Amino acid sequence: MAEKSKMVEKESLIAENVNVFYGDNHVIKNVSIVMPENSITAFIGPSGCGKSTFLRLYNRMNDYIEGFRKDGSIIFNGKEIYSKDIQLEELRKKIGMVFQKPNPFPKTVYENIVYGLRIQGVKDKALLDEVVESTLKKVFLWGEVKDQLKKSALALSGGQQQRLCIARTLAVEPSILLMDEPTSALDPISTAKLEELVFELKKTLTVVIVTHNMQQAARISDKTAFFYMGELKEFSPTKQMFTNPKEEITQNYITGRFG
Amino acid sequence: MNHFETEITELKADFTTLWELVAKQLRNALRALANNDRALSQTILEEENRVNALELKIERNCENIIALYNPVAIDLRFILAMIKMNSNLERAGDIATRIAKFVLKADDAFFNELINKTHALSMFEESCELMDDALDAFKTSDAQKARAIFKRDEYINDLNKTALNAVVESIKNNPQEIEKYLKMMSLLRRIEKSGDISKAIAEEIIFFLEAKVLRHKQYKNEQ
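Listed in order, the protein sequences are those of chains X and W. What the first sequence shows, in this note's numbering, is residues 24 to 282, in sequence order. What the second sequence shows, in this note's numbering, is residues 3 to 225, in sequence order.
Take a look at the structure:
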């Protein structure tokens with residue numbers, strides 16, 4: 024138990040022997056993985072390998088899918104996140120998520136950022152202003168939008184919208200940030216900005232990113248997990264995986280010999 | 003075969019052509035040295051342009067593959083090894099050229115005796131075989147064959163030490179010919195260097211096949 028409470032102090036995320044089924048379809052097969060803290064972990068693998076499904080397990084986004092069933096455990100801060108007494112809103116505050124396509128609310132830039140805080144009942148205008156400025160600065164967007172805070176978020180460019188969505192997630196101070204192909208709809212310049220941002224975020228956050236862009240995984244992540252047909256085939260330091268992978272199947276995938 | 007594999011196949015073909023050309027240049031340099039063959043030496047000098055052109059072409063193609071295909075894992079190691087092996091082969095080509103120039107300028111009688119005394123031709127023959135064996139290891143992707151080169155390069159180093167000692171002895175007996183003896187020492191060093199190049203290439207073959215970096219290491223544990 025002493026060991027367990029030590030783990031609780033750190034904001035750890037541990038999956039053990041996880042299986043996922045969609046009806047009869049066994050999509051995640053006995054996966055165990057511990058997310059290293061304050062680091063970036065990339066999930067790679069061919070389409071349908073289960074990487075996005077696995078990512079969505081961490082903040083229970085699969086719960087809405089018909090026929091979803093899971094066994095095994097996912098422990099966050101020492102607590103099973105699938106236990107009945109878990110408050111989903113609280114969980115998703117601590118484990119935020121950014122999606123493939125930017126999804127700002129049809130509100131002003133300002134209201135997008137403070138949305139989560141308002142739900143929590145924060146009314147202090149000075150505090151809200153401060154959070155807006157600090158989170159927009161964190162995502163390198165403040166300089167670009169400080170004069171457009173009252174304009175619709177939908178008027179921003181795709182890259183700006185994606186960074187705004189990250190800022191919205193950061194405003195409620197998560198400790199884990201899940202990203203599901205966050206740059207697949209962005210141009211190369213916006214992609215580069217977002218990668219720089221992710222790199223900065225790992226100083227305070229644990230980032231897990233699903234990407235189809237293997238060069239992106241190689242550029243930004245500390246560790247890489249390779250999924251294939253629902254199994255975790257290899258979980259290695261990224262530098263090793265892209266220079267000398269342990270498994271032949273990983274090598275075949277990352278060198279484009281299948282997938 | 004996909005586009006990337008086609009590029010790699012073409013790169014390998016160019017590289018093999020360069021290697022065979024350099025091996026031939028070294029063999030010709032050996033024959034020119036053994037027979038004081040000035041015509042053959044001239045041919046070596048003329049062929050050097052082809053060596054240089056192929057080296058540049060391979061280097062450019064390696065750069066293109068990195069820029070266009072972002073190779074990883076064994077593909078990345080292969081390209082990195084190719085860049086180093088390419089540069090090493092060009093240096094081996096330079097050695098053949100230098101030896102050809104030596105033959106063109108040499109004082110036959112003086113050097114013939116010294117070449118016999120130092121067993122320079124045996125050392126050169128051994129060095130040419132090493133280059134052929136390295137090529138074979140590359141063509142067959144055989145790391146064991148590549149490893150066998152390390153010991154044989156040590157043998158060449160030993161032959162070189164003995165040869166240099168013989169030259170030093172000769173200098174003591176005939177100090178007024180010091181300039182010629184220094185030229186001979188330089189020739190011996192070049193022959194020895196061509197063995198070192200085969201060893202460096204063997205290290206790169208092992209690097210891309212097994213992801214092991216053997217430079218600056220003792221090879222005893224690797225045998």
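Quick reminder that beta carbons are idealized off the backbone N, C-alpha and C, glycines included. Since we're looking at a predicted model, the values are computed, not measured.
- The three-state secondary structure of X:ILE109, taken from DSSP, is coil.
- Excluding five sequence positions before and after X:VAL154, the CB atoms of its chain that fall closer than 8 Å to its own CB belong to ILE136, VAL137, LEU140 and ALA194, given in chain order.
- Looking at W:ARG93, W:GLU12, W:ILE97 and W:LYS219, the one whose alpha-carbon comes closest to that of W:PHE152 is W:LYS219.
- In terms of beta-carbon proximity, X:THR266 lines the interface with chain W, with at least one pair separated by less than 8 Å.
- Remark: fewer than three beta-carbon pairs, one from each stretch, lie closer than 8 Å, so the stretch 135–149 of chain W and the stretch 64–73 of chain W are not flagged as touching.
- Taking the Cβ atoms as the reference, X:THR131 lies roughly 6 Å from X:LYS174, within the contact range of under 8 Å.
- By the beta-carbon neighbour count (other beta carbons within 10 angstroms, threshold 16), W:ASN4 is exposed.
- In summary, the residues of the stretch 59–78 of chain W whose CB is separated from some CB of chain X by less than 8 Å are ASN72, PRO73, VAL74, ALA75, ILE76, ASP77 and LEU78, in the order they occur in the chain.
- Shown here, X:MET237 sits in a helix according to DSSP, grouped into three states.
- Note that the C-beta distance between X:PRO205 and X:ILE243 is not below 8 Å.
- Bridge partners of X:ALA38 according to DSSP: X:ILE56 and X:ILE97.
- If you check each beta-carbon in the stretch 28–46 of chain W against every beta-carbon of chain X, none falls closer than 9 Å.
- In this structure the stretch 81–100 of chain W does not lie against the stretch 156–169 of chain W, because fewer than three pairs of beta carbons, one per stretch, are closer than 8 Å.
- Within chain X, THR278 and GLY279 have C-beta atoms less than 9 Å from the C-beta of W:PHE6, given in sequence order.
- Under the three-state reduction of DSSP output, X:LYS269 falls in the coil class, being neither helix nor strand.
- Residue-level contact by beta carbon holds for X:ALA241 and chain W, with a gap shorter than 8 Å.
- The residues ALA38, ALA248, LEU255 and PHE258, in chain order, have a CB closer than 7 Å to that of X:ILE56 in the same chain once the five nearest residues on each side in sequence are set aside.
- X:PHE44 sits away from X:ARG115, with the two beta carbons spaced by 8 Å or more.
- The beta carbon of X:GLN238 falls within 8 Å of a beta carbon belonging to chain W, placing the residue at that interface.
- Around W:ALA213, the beta-carbon contacts reaching into chain X at under 8 Å are THR266 and ASN267.
- The closest CA to that of W:LEU78, considering only X:THR76, X:PHE281 and X:LYS262, is found on X:LYS262.
- For the stretch 168–200 of chain X, the beta-carbon criterion of a distance under 9 Å to any beta-carbon of chain W is satisfied by none of its residues.
- W:GLU171 is bridged by DSSP to nothing; it lacks a bridge partner.
- Selection W:LYS14, W:VAL169 and W:LEU32 evaluated against W:ILE207 yields W:LYS14 as nearest (Cα-Cα).
- With respect to W:MET125, W:LEU161 sits close: the two C-beta atoms are nearer than 8 Å.
- The C-beta of X:GLN143 comes no closer than 8 Å to any C-beta of chain W.
- Beta bridge pairing from DSSP links X:MET120 with X:LEU201.
- At a cut-off of 8 Å between C-beta atoms, X:GLN110 does not count as an interface residue with respect to chain W.
- For X:GLN274, the neighbours in chain W by C-beta distance under 8 Å run, in chain order, ALA75 and ILE76.
- W:TRP21 is the residue among W:TRP21, W:LYS201, W:GLU7 and W:PRO177 whose C-alpha sits nearest the C-alpha of W:GLY95.
- Taking X:ASN48 as reference, the option from X:GLU223, X:ILE63, X:GLY73 and X:LYS246 with the minimal CA-CA separation is X:GLY73.
- According to the DSSP assignment, X:TYR251 belongs to the beta strand (DSSP E) that extends over 246–251.
- Distance from the CA atom of X:PHE77 to the CA atom of X:VAL145, rounded to whole angstroms, is 33 Å.
- By the C-beta density criterion, X:ARG186 is buried, having at least 16 other C-beta atoms within 10 angstroms.
- X:ILE232 has X:ALA65 and X:MET202 as its beta-bridge partners, per DSSP.
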